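Respectively, the protein sequence lines represent chains A and B.
If you're matching positions, the first sequence starts at 1 in the UniProt record's numbering and goes up one per residue.
If you're matching positions, the second sequence starts at 1 in the UniProt record's numbering and goes up one per residue.
Where is the CB? At the ideal position from N, CA and C, for every residue including glycine.
Small disclaimer: the values here were computed from a predicted structure and weren't measured.
As structure tokens, the structure follows; a few thoughts come after it.
Number of protein chains: 2
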Amino acid sequence: MPRTNPRRRDALADAAVELTAVAGVGGVTHRAVDRAAHVPIGTTANYFPSRDELLSAAAHRVAEVHLAESMTATAAAAANQAGDAAGQLTDLLAASLVTAATTHRTRYLAIYELQLEAQRRPALAGALAKLSEIAEAQTQAMHLALRDAGAPPGAVPLLITLYGGALFMLVTGPGPIDAAVVRRLVEAMVTGARSTG
Amino acid sequence: MPRTNPRRRDALADAAVELTAVAGVGGVTHRAVDRAAHVPIGTTANYFPSRDELLSAAAHRVAEVHLAESMTATAAAAANQAGDAAGQLTDLLAASLVTAATTHRTRYLAIYELQLEAQRRPALAGALAKLSEIAEAQTQAMHLALRDAGAPPGAVPLLITLYGGALFMLVTGPGPIDAAVVRRLVEAMVTGARSTG
DNA sequence: TATGTTCCACAACAACTGTTGTGGAATAGG
DNA sequence: CCTATTCCACAACAGTTGTTGTGGAACATA
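Structure, rendered in structure tokens:
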């Protein structure tokens, strides 16, 4: 059985993720990953014998990296907790949106590519499901902030949907990211979510 | 020069759009379109000599069909105009979201596929730009309704972004479309957009 | 050192791709 | 009926794909 060296595995999966973003799902082939990762032709095919496994590995990897990064981000956000809950939530989400749409833009492009491919590839859908779980678990702070701000239950999943949708529009949209525009967007999202009955 | 019979052209482009939705951009090949449209192998290659032209034709076609349909929808919506502007807008958007995410789901899947492919295919980006123009022109009624409801300028593009993002989440999300959830989503969007300063 | 096991580089396969060219059918003009 | 032009079905090309198999290197164990 192949696929044994964990370091190589992750490196190949990372290369696959990057390839997904810059070349699309269609550009993710065993040989293309080999070239991108500067390993001999055939290596990727040894670690991920089928294309399903290759794409699922990319999905798992992107979830793994995302989880690792968001844990530190949450810790930092939890550090400063004072006053105006809704305002803090707005600040947090606006900053999060901007960095997601700029610094991590290629990562989300890859995620969207995989998300669409998952429509016709059940194994990929399973791998991507973990990403949604992360997003939900990630919003414990959001729960508290909204509860403090007097929002009804059900406001959190609503906010998550609005946030995720806005991120897609920003990432795939034409223009550069305008922080002021993002700020207004988040204000509208939070206000709207709080007002829901 | 090929590509002459307009009816055949549209039929091939339609087949390309459907293929984009069910097989992804990567599945849209000359021969695959031939098979899907039940025409002899080689036909699509005669009408759209390069892959760029083929995908761009699919984008143009999806915009064309979308425009034709949305014009009748707008006419119907403009028919009943009375009272409570914001409430009417909410009704209109909620109904629009539901049909977009259910009846026209495959169309939007195709659009998202093409949108991502356009990131690395300038010709496609140009073809898709017309879709955004349609969406903006489509919102004259939205402008009026929001103005009547005392919303600030800039609320309309904000609402369009929220709407487009929510549609993506609904179309690519796992579960079926729940009309009540969509309703709450739209209420939050409209409330949020109106409150923006 | 001998041995068994893990890992990997490479070859080979059939199938599919985009693109281009060509010959003939269909059609229109006279 | 003849001719010229438009349209299209098909063949051929070199290249790439997923997948599988194989032989040997590297390694640990004894």
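Residues of chain A whose Cβ lies closer than 8 Å to the Cβ of residue 113(B) are, in chain order, 116. In the three-state DSSP reduction, residue 104(B) falls in the coil class, being neither helix nor strand. Not flagged as an interface residue toward chain B: residue 69(A), since no C-beta distance is shorter than 9 Å.
The alpha-carbon separation between residue 123(B) and residue 130(B) amounts to approximately 12 Å. Annotated three-state conformation of residue 50(A) is coil, per DSSP.
Interface annotation, residue 22(B): in contact with chain A, CB-CB separation under 9 Å. Taking 9 Å as the threshold, the shortest C-beta distance from residue 72(A) to chain B does not fall below it.
In the three-state DSSP reduction, residue 166(B) falls in the helix class (H, G or I). The C-beta of residue 193(A) comes closer than 9 Å to at least one C-beta of chain B. Under the Cβ criterion of 9 Å, residue 161(A) is counted among the residues facing chain B. The continuous stretches of alpha helix (DSSP H) do not include residue 40(A), and DSSP gives it neither H nor E.
Using a CB distance below 7 Å, the part of the stretch 163-186 of chain B facing chain A consists of 164, 165, 166, 168, 169, 172, 184, 185, ordered along the chain. Straight-line spacing of the CA atoms in residue 10(B) and residue 89(A) works out to 49 Å.
Look at residue 157(B) here: in three-state DSSP terms it is helix. By the criterion of at least three beta-carbon pairs nearer than 8 Å, the stretch 11-21 of chain B is not in contact with the stretch 103-118 of chain A.
Residues of chain A whose Cβ lies closer than 8 Å to the Cβ of residue 189(B) are, in chain order, 162, 188, 192. The beta carbon of residue 42(B) sits no closer than 9 Å to any beta carbon of chain A. Under a criterion of Cβ atoms nearer than 8 Å, the residues of chain A adjacent to residue 120(B) are, in order, 22, 23, 24.
Within the same chain, Cβ atoms closer than 8 Å to the Cβ of residue 155(A) are found at 146, 193, 194, 196, the five residues on either side in sequence being excluded. Following the DSSP letters along the chain, one finds residue 192(A) inside the alpha helix (DSSP H) bounded by residues 179-195. In its chain, beyond the 5 residues on either side, 194 have a beta carbon closer than 6 Å to the beta carbon of residue 151(B). With a threshold of 16 other beta carbon atoms within 10 Å, residue 184(B) meets it and is buried. Between residue 148(B) and residue 85(B) the beta-carbon gap is near 4 Å, inside 8 Å, which marks them as a contact.
By the CB criterion at 9 Å, residue 59(B) and residue 158(B) fall outside the cutoff. Annotation: residue 118(B) is outside any alpha helix (DSSP H) and is labelled neither H nor E by DSSP. For a cut-off of 8 Å, the C-beta gap from residue 186(A) to residue 94(A) is around 4 Å, short enough to register as a contact. Residue contact check for residue 154(A) against chain B: a CB pair falls below 9 Å. Residues of chain B whose Cβ lies closer than 7 Å to the Cβ of residue 196(A) are, in chain order, 184, 187, 188. Close partners of residue 158(A) in chain B (Cβ separation under 9 Å): 181, 184, 185, 188. From the beta-carbon of residue 109(A), the residues of chain B found nearer than 8 Å are 116, 119. Secondary structure note for residue 23(A): its alpha helix (DSSP H) is the uninterrupted segment 6-23. Assignment of residue 29(B) by DSSP, reduced to helix, strand and coil, places it in the coil class. With respect to the 9 Å criterion, residue 182(B) and residue 97(B) are classified as neighbours on the basis of their beta carbons. Annotated as distal: residue 118(B) and residue 165(A), with beta-carbon spacing of 9 Å or more.
DSSP, read as helix, strand or coil, puts residue 175(B) in coil.
Scanning 13(B), 189(B), 105(B) for the CA closest to the CA of residue 62(B) turns up 13(B).
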